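Asks: Using the numbering used here, the letters of the sequence shown map in sequence onto residues 9 to 345.
Each residue gets a CB set at the ideal place from its N, CA and C atoms; glycine is no exception.
These numbers were taken from a predicted model, which means no experiment stands behind them.
To start, I am sharing the structure in question, which I have written as structure tokens.
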Amino acid sequence: MTVKRILTINFGGIGDQVLFFPVFETLRKNFGNPLVTLVTEPRSKAVKELTELVDEVFICDLKGKNGLFELVKFLLKARRDKYDIVISSGSSKFIPIILFLTGIKERIGYDSGILSRLLLTGALRLNKNQYAANMYHDLVSDSKEDKIPSVSSSRQSPPNREVKTILIHPGVSKLSIKKGIIKSWPAENWLKLTKQLLLSGEYRVILTGGPDDEEVLTLFKERFPENVVETGSIREFANLVSNADILVCVDSAPMHIGVGLRKRVIALFGPTDEKKLLPGNELFTPVKLDSVKCRPCLWDKRQTSCETKDCLDINPGYMLEIIRGGGVTGSLDSLNA
9 MTVKRILTIN FGGIGDQVLF FPVFETLRKN FGNPLVTLVT EPRSKAVKEL
59 TELVDEVFIC DLKGKNGLFE LVKFLLKARR DKYDIVISSG SSKFIPIILF
109 LTGIKERIGY DSGILSRLLL TGALRLNKNQ YAANMYHDLV SDSKEDKIPS
159 VSSSRQSPPN REVKTILIHP GVSKLSIKKG IIKSWPAENW LKLTKQLLLS
209 GEYRVILTGG PDDEEVLTLF KERFPENVVE TGSIREFANL VSNADILVCV
259 DSAPMHIGVG LRKRVIALFG PTDEKKLLPG NELFTPVKLD SVKCRPCLWD
309 KRQTSCETKD CLDINPGYML EIIRGGGVTG SLDSLNA
């Protein structure tokens with residue numbers, strides 16, 4: 009089969025897009041470098057700054073007030089551009105109908121029921137109990153190895169230097185907080201960790217964040233103004249990560265970018281499942297509380313964070329021990345500061 013144009017659909021944030029990158033790699037390998045279009049939502053329009061595997065990003069705001077118009081616009085594009093294959097990561101029962109309406113001959117998605125088996129040419133089993141990049145990659149291959157994404161950066165990895173550079177990104181998402189999803193520390197904990205790192209004299213510390221981290225960044229600027237570096241784009245952030253030795257963050261898009269750049273990542277995990285969001289590799293360390301037996305709960309058991317948030321009660325002193333120990337383990341209970 010000659011494949012010249014492939015349409016891919018992956019709604020979600022930047023982190024979800026990075027996790028989808030291995031799909032593009034396999035498609036290009038299997039079909040001789042076809043033109044690849046990614047359809048996603050507005051909040052991920054900058055994803056092309058992180059990869060050279062996508063030729064075109066098409067924004068489709070199905071959740072907006074003009075959702076029906078956006079759907080029609082997408083279907084017209086799909087029919088006009090004459091794609092050979094369409095692949096969607098969505099598990100909604102409406103996805104098979106949408107893919108069928110594109111008129112594209114080869115339609116691949118997850119098996120969401122009888123309708124998907126009737127309308128898709130490839131309805132594949134959805135296995136959520138694995139690293140998310142592997143879950144997406146099941147759409148194009150049954151490979152059993154971890155598919156770690158690759159993120160592009162214009163900077164090379166830092167030289168082997170005596171004083172290691174630690175990049176801290178608090179990863180506070182206003183959208184998540186609005187939805188009742190809390191995955192990060194209070195600002196005071198980030199300040200305590202930063203103070204401890206600086207007092208140790210072992211590291212160069214850079215503090216960064218985006219628009220969603222305004223509250224924490226304001227405090228960073230007040231306490232540690234010489235350590236704050238603000239980035240104007242996701243590409244600039246990726247370059248900043250590339251030039252660091254260690255990225256300290258939470259379960260967030262910055263974490264996935266760090267993984268994609270093969271950096272040492274030490275990530276705070278509360279209610280989400282680190283086994284689904286970090287590949288099993290010694291470079292990447294989840295910091296979590298195993299004594300909190302109800303974690304992980306978010307997505308599988310509940311859709312919002314609980315009131316107690318005990319799983320996020322990780323002492324900054326413990327995070328410091330993980331960093332200083334090289335991130336070998338991050339599954340003990342918190343230590344006293």
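Could you give the distance in angstroms between the alpha-carbon of residue 153 and the alpha-carbon of residue 233?
Replies: In a straight line, the C-alpha of residue 153 is about 43 Å away from that of residue 233.
Asks: Going by DSSP, name the residue or residues bridged to residue 292.
Replies: For residue 292, which the question treats as bridged, DSSP gives the partners 273.
Asks: Kindly give me the distance between the Cβ atoms of residue 260 and residue 23, rounded to whole angstroms, as I take these residues to be in contact under 8 Å.
Replies: The Cβ separation is near 6 Å, so the contact holds.
Asks: In the structure shown, what three-state DSSP assignment does residue 65 receive?
Replies: DSSP places residue 65 in strand when its eight states are reduced to three.
Asks: Which of the three DSSP states is assigned to residue 101 in this structure?
Replies: Looking at residue 101 - three-state DSSP - the assignment turns out to be coil, as it is neither helix nor strand.
Asks: Mind checking whether residue 64 and residue 70 have CB atoms under 7 Å apart?
Replies: Result no, Cβ atoms of residue 64 and residue 70 do not sit closer than 7 Å.
Asks: Determine the direct distance from the alpha carbon of residue 129 to that of residue 329, and round the result to whole angstroms.
Replies: Cα-Cα distance, rounded: 51 Å.
Asks: By alpha-carbon positions, which one of 29, 124, 161, 214 ends up nearest to residue 172?
Replies: Considering only alpha carbons, the answer is 214.
Asks: May I ask you to report which of helix, strand or coil DSSP gives residue 191?
Replies: If DSSP states are grouped into helix, strand and coil, residue 191 belongs with coil.
Asks: Residue 102: buried (16+ other C-beta within 10 angstroms of its C-beta) or exposed?
Replies: Its Cβ having fewer than 16 others within 10 Å, residue 102 is exposed.
Asks: Starting from residue 117, follow its DSSP beta bridges and name the residues at the other end.
Replies: In the DSSP output, where bridge partners are listed per residue, residue 117 has 131.
Asks: Measuring straight from C-alpha to C-alpha, what distance separates residue 205 and residue 121?
Replies: C-alpha separation (whole angstroms): 52 Å.
Asks: Span of the beta strand (DSSP E) holding residue 361?
Replies: Past the boundaries of the shown model lies residue 361; the chain is included only from 9 to 345, so the question cannot be answered.
Asks: Secondary structure at residue 46, three-state DSSP: helix, strand or coil?
Replies: The answer is strand: DSSP assigns residue 46 an E or B state.
Asks: Could you name the residues of the same chain whose beta carbon sits closer than 8 Å to that of residue 327, not counting the 5 residues immediately before and after it, in chain order?
Replies: Around residue 327: 201, 256, 274, 276, 295.
Asks: List the residues that DSSP assigns as beta-bridge partners of residue 211.
Replies: The partner list for residue 211 (beta bridge, DSSP) reads 172.
Asks: For a test of the three-state rule: what should DSSP assign to residue 202, helix, strand or coil?
Replies: Reduced to three states, the DSSP call for residue 202 is helix.
Asks: Give me the Cα-Cα distance between residue 262 and residue 226, rounded to the nearest whole angstrom.
Replies: Residue 262 and residue 226: Cα-Cα distance of roughly 19 Å.
Asks: Does the count of Cβ pairs from the stretch 24-31 and the stretch 52-59 closer than 8 Å reach three?
Replies: Touching, yes.
Asks: With a threshold of 6 Å on Cβ separation, who are the neighbours of residue 237 within its own chain once the five nearest residues in sequence on each side are excluded?
Replies: 214, 216.
Asks: What's the call for residue 99, buried or exposed, on a 16-neighbour Cβ count within 10 Å?
Replies: Exposed, by the Cβ-count rule.
Asks: By alpha-carbon positions, which one of 269, 221, 228 ends up nearest to residue 158?
Replies: For residue 158, the nearest C-alpha among the options comes from 269.
Asks: Looking at C-beta atoms only, is the number of pairs between the stretch 40-57 and the stretch 105-122 that lie closer than 8 Å three or more?
Replies: With the cut-off at 8 Å, the stretch 40-57 and the stretch 105-122 do not touch.
Asks: Buried or exposed, going by whether 16 or more other CB atoms sit within 10 Å of the CB of residue 113?
Replies: Flag for residue 113 reads exposed.
Asks: Mind checking residue 198: buried by the 16 CB within 10 Å criterion, or exposed?
Replies: Answer is buried; the Cβ neighbour count reaches 16.
Asks: Let me check understanding here. Comparing Cα to Cα, which of 222, 224, 250, 218 lies closest to residue 241?
Replies: Looking at the Cα atoms, 218 is the closest of the given residues.
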